[in-house]
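Accompanying notes for the structure given below.
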Amino acid sequence: MTDLVTDGQRLILPNGDSVPCSMGRSGLIAAQDKREGDGATPLGRWRLVQVFYRPDRILDPIRTALPIQPLTEHSGWCDAPDDPAYNQFVSRPYAASHEAMWRDDGLYDIVVTTDHNTNPALPGLGSAIFLHCRHETGKPTAGCIAIARDELHRLLTDLEPESWLVIQQEI
Numbered sequence: 260m261t262d263l264v265t266d267g268q269r270l271i272l273p274n275g276d277s278v279p280c281s282m283g284r285s286g287l288i289a290a291q292d293k294r295e296g297d298g299a300t301p302l303g304r305w306r307l308v309q310v311f312y313r314p315d316r317i318l319d320p321i322r323t324a325l326p327i328q329p330l331t332e333h334s335g336w337c338d339a340p341d342d343p344a345y346n347q348f349v350s351r352p353y354a355a356s357h358e359a360m361w362r363d364d365g366l367y368d369i370v371v372t373t374d375h376n377t378n379p380a381l382p383g384l385g386s387a388i389f390l391h392c393r394h395e396t397g398k399p400t401a402g403c404i405a406i407a408r409d410e411l412h413r414l415l416t417d418l419e420p421e422s423w424l425v426i427q428q429e430i
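With the working numbering applied, the sequence shown corresponds to residues 260 to 430, in that order.
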């Protein structure tokens, strides 16, 4: 079992090193208070579920024990609380509100999904809480945790089916 622990400012890697990270623009929030679109990162322990990546940008092989899926220009994630696919991967075009996972800014070159608000996804309690690539300026996310792309690529080799992202107030 691998725990990745973060306070939203730094992420502790399995080898004990820490790397800078970004969190939601609204800071950290108790998981039960998380709402769709609030820009907050939910506190809690979230299982890391699956890796998505841009095959045109990530040319070195991804080595991880998690399921891997390449993104395409049709990849999306539903953020419409009343849609049956809320907080799930969807193929675009998609009628309900969703975000495109094929992005020009590089933030989703590598994405690791979490089990935040899944099984079942409760309408309005937040979607798309990911571990993904950090903006080069370190700017905040919309609620995810983000680290440098090279660090994330290296980290994937340490992830296993029982890997967790632990988001807490202090490390």
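Virtual Cβ for every residue (Gly too), placed ideally from N, Cα, C.
Between the CA atoms of residue j and residue i - distance to the nearest angstrom
i, j, result
"H375", "R306", "8 Å"
"I389", "A354", "The sequence shown places Phe at residue 389, rather than the Ile named in the question. Rounded to whole angstroms, F389 to A354 spans 23 Å at the Cα level."
"L414", "D262", "12 Å"
"E435", "T323", "What is shown of the chain runs 260 to 430, which leaves residue 435 out entirely."
"G365", "D266", "23 Å"
"D368", "L318", "11 Å"
"G283", "Q268", "11 Å"
"P382", "V371", "22 Å"
"E332", "W361", "5 Å"
"F348", "C337", "6 Å"
"G286", "L272", "21 Å"
"H357", "D417", "30 Å"
"H391", "V310", "10 Å"
"I433", "R408", "It is not possible to answer for residue 433, since the shown part of the chain is limited to 260 through 430."
"E295", "T373", "16 Å"
"D297", "R316", "30 Å"
Start-to-end residues for the alpha helix (DSSP H) that takes in residue i
i, result
"R408", "R408 to L414"
The beta strand (DSSP E) enclosing residue i, as first and last residue numbers
i, result
"Q309", "G303 to Y312"
"I430", "No beta strand (DSSP E) contains I430, which DSSP labels as neither H nor E."
"H391", "F389 to C392"
"D262", "T261 to T265"
"H375", "Where H375 is concerned, there is no enclosing beta strand (DSSP E), given that its DSSP letter is neither H nor E."
"R269", "R269 to I271"
"A355", "No beta strand (DSSP E) contains A355, which DSSP labels as neither H nor E."
Same chain, Cβ closer than 7 Å to residue i, neighbours up to 5 away in sequence not counted
i, result
"T377", "N346"
"P301", "I288, A290, K293, H375, G385, I388 and I426"
"E419", "T261 and A324"
"A359", "G335 and R351"
The ligand GTP heavy atom lying under 7 Å from the CB of residue i
i, result
"Q268", "With respect to the ligand GTP, the structure offers nothing, as it holds no ligand at all."
Residues of its chain near residue i, where Cβ-Cβ distance is below 8 Å and the 5 sequence neighbours each way are ignored
i, result
"W423", "M260, T261, D262, L263, R304, W305, R306 and L307"
Spatial neighbours of residue i in its chain, beta-carbon cut-off 6 Å, leaving aside the 5 residues before and after
i, result
"P314", "P329"
"S281", "R393, G397, P399, T400 and A405"
Mind the definition here: the region 321-338 touches the region 273-287 only if three or more C-beta pairs lie below 8 Å; say whether that holds.
A contact between stretches requires three or more CB pairs, one per stretch, nearer than 8 Å, and the region 321-338 fails this requirement with the region 273-287.
Say whether the region 396-404 touches the region 334-346, bearing in mind that this needs 3 or more beta-carbon pairs closer than 8 Å, one atom from each stretch.
Taking 8 Å as the limit for Cβ pairs, the verdict is that the region 334-346 does not touch the region 396-404.
Can you list, in chain order, the stretches of the beta strand (DSSP E) that have 3 or more residues and sit fully within the region 277-352?
Runs of the beta strand (DSSP E) inside the region 277-352: 277-279, 303-312, 327-329, 334-337 and 348-350.
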